[in-house]
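For reference, the structure discussed in these notes is given below.
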Amino acid sequence: MSEPLIEGSSKKFFAHGDGTLLMTFKDDIHGADQTDVISGTGDLRKRFSFAFYRLLEQHGISTHLAKPVENALSGRGIVVTRAFPIRIEILVRNVARGYWVDGHKVPVFPAGAIFEEPIVELCLKAKVMREDGSVVDDPRISPGIAVAMNALATDKTIRGHMLLNVAEANALETLAREINDLYAAFLRVEGWALEDFKFEVGLDSERLGRSFMVIDEISPDCSRIRDADGNSLSKDLFRQRRPHEDVRAAYLLLTEAVERAVA
Numbered sequence: 001m002s003e004p005l006i007e008g009s010s011k012k013f014f015a016h017g018d019g020t021l022l023m024t025f026k027d028d029i030h031g032a033d034q035t036d037v038i039s040g041t042g043d044l045r046k047r048f049s050f051a052f053y054r055l056l057e058q059h060g061i062s063t064h065l066a067k068p069v070e071n072a073l074s075g076r077g078i079v080v081t082r083a084f085p086i087r088i089e090i091l092v093r094n095v096a097r098g099y100w101v102d103g104h105k106v107p108v109f110p111a112g113a114i115f116e117e118p119i120v121e122l123c124l125k126a127k128v129m130r131e132d133g134s135v136v137d138d139p140r141i142s143p144g145i146a147v148a149m150n151a152l153a154t155d156k157t158i159r160g161h162m163l164l165n166v167a168e169a170n171a172l173e174t175l176a177r178e179i180n181d182l183y184a185a186f187l188r189v190e191g192w193a194l195e196d197f198k199f200e201v202g203l204d205s206e207r208l209g210r211s212f213m214v215i216d217e218i219s220p221d222c223s224r225i226r227d228a229d230g231n232s233l234s235k236d237l238f239r240q241r242r243p244h245e246d247v248r249a250a251y252l253l254l255t256e257a258v259e260r261a262v263a
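In this note's numbering, the protein residues as written are 1 to 263.
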């Protein structure tokens, strides 16, 4: 295989022809200030993302799966269309976990508190270096800041890659809630609860105007899910330093469930 066009901490993207890319998944896993390699988790993330994106497409939500979407799964990865990236991560929270709970971050909610309505957050997809050398990872931003950054950000990889107006932020919030409803619904069939997840969007170059589509991945790596007994079923198992086999087994359980949902 040729050298990747893009390589991140958990994925590689290769040129694939006809304006498409091959998105491949590593077995690397990160969280709670630790990094490891858990064999097989990359393939499970690939399968989960492909099946879940097909579920989104079936419900009218555009993703970067190459068309026809049923043929986008490759043995090595997922064939995706090129998208103009927006440097924002969208988080949807149904339950208080992570950032707003952890003592070393912003602990303003009791762990496990259930929100009356899903909370949608925007984060700048960037590591921001302070003058003292400390790093702010994916800082929270408001819709207004996202719009201002599009025109005024000093970093040229951010400037022009944000939102044009607050209406686009409202569109992202609507999209986030639609995805949350679908995600929570299929998990509920299994007796599981969706606590939170994050996703990314890009602009679809094949459609007129600025049309958002879901890109990158949605998988157990970027979600918090618990079973009926309150046990973690996603990457929190790694954060809890559970054995590799427990993490792999949970990812497999979730992957097989979403594959059933889209069959």
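Ideal Cβ positions, reconstructed from N, Cα and C, are used throughout, including at glycine.
- For P118, I'd like the list of residues in its chain whose CB is within less than 7 Å of its CB, leaving aside the five on either flank, ordered along the chain. Its chain contains V92, R93, N94, R177, N180 as the residues whose beta carbon lies nearer than 7 Å to that of P118, once the 5 sequence neighbours on both sides are disregarded; these appear in chain order.
- Entirely enclosed beta strand (DSSP E) segments - the region 49-125, minimum 3 residues: If we require 3 residues or more, the beta strand (DSSP E) runs fully inside the region 49-125 come out as 78-81, 83-95, 114-124.
- What first and last residue would you give for the beta strand (DSSP E) that runs through L22? Here the beta strand (DSSP E) through L22 covers 20-25.
- Query: Are there three or more Cβ pairs, one per stretch, closer than 8 Å when the region 74-94 is compared with the region 20-33?
  - Reply: Contact annotation: the region 74-94 touches the region 20-33, with at least three C-beta pairs closer than 8 Å.
- Task: With DSSP as the reference, label E3 as helix, strand or coil.
- Result: Reduced to three states, the DSSP call for E3 is coil.
- With DSSP as the reference, label A261 as helix, strand or coil. Three-state DSSP puts A261 in a helix.
- Tell me Q34's beta-bridge partners as DSSP assigns them. In the DSSP output, where bridge partners are listed per residue, Q34 has G31.
- Item | Complete runs of the beta strand (DSSP E) confined to the region 158-183 [at least 3 residues] | Those beta strand (DSSP E) runs which fall completely within the region 158-183 and span 3+ residues do not exist here.
- According to DSSP, what are the bridge partners of R226? Residue pairing by DSSP puts R226 in a beta bridge opposite A193, S232.
- Cβ-based burial, N264 [other Cβ within 10 Å; buried from 16]: The requested residue 264 does not occur in the structure, where the chain is confined to residues 1 to 263.
- Task: Tell me where the beta strand (DSSP E) around I215 begins and ends.
- Result: Boundaries of the beta strand (DSSP E) harbouring I215: 212-215, taken from the DSSP string.
- Item | Beta bridge counterpart(s) of M202 as assigned by DSSP | The sequence as given places Gly at residue 202; Met does not occur at that position. DSSP links G202 through a beta bridge to P85, M213.
- Item | Exposure of V147, with buried meaning 16 or more beta-carbon neighbours within 10 Å | By the neighbour-count rule (16 or more Cβ atoms within 10 Å), V147 is buried.
- Message: Comparing C-alpha positions only, which one of L55, M129, E131, V136 sits nearest to C123?
- Response: For the set L55, M129, E131, V136, the Cα lying nearest the Cα of C123 is the one of V136.
- By Cβ distance below 8 Å, which residues in the same chain neighbour F186 in space, the five residues on each side in sequence not counted? Within its own chain, the residues whose Cβ lies closer than 8 Å to the Cβ of F186, once the five positions on either side in sequence are excluded, are L55, A257, V258, A261, listed in chain order.
- Message: What does the alpha-carbon distance come out to for the pair A32 and M149?
- Response: Straight-line Cα distance between these residues: approximately 29 Å.
- Task: Quick one: using the 10 Å Cβ neighbour count with 16 as the cut-off for buried, is L194 buried or exposed?
- Result: Burial call: buried.
- Relative to the C-alpha of I88, which residue among P220, E3, I225, L172 is closest? For I88, the nearest C-alpha among the options comes from L172.
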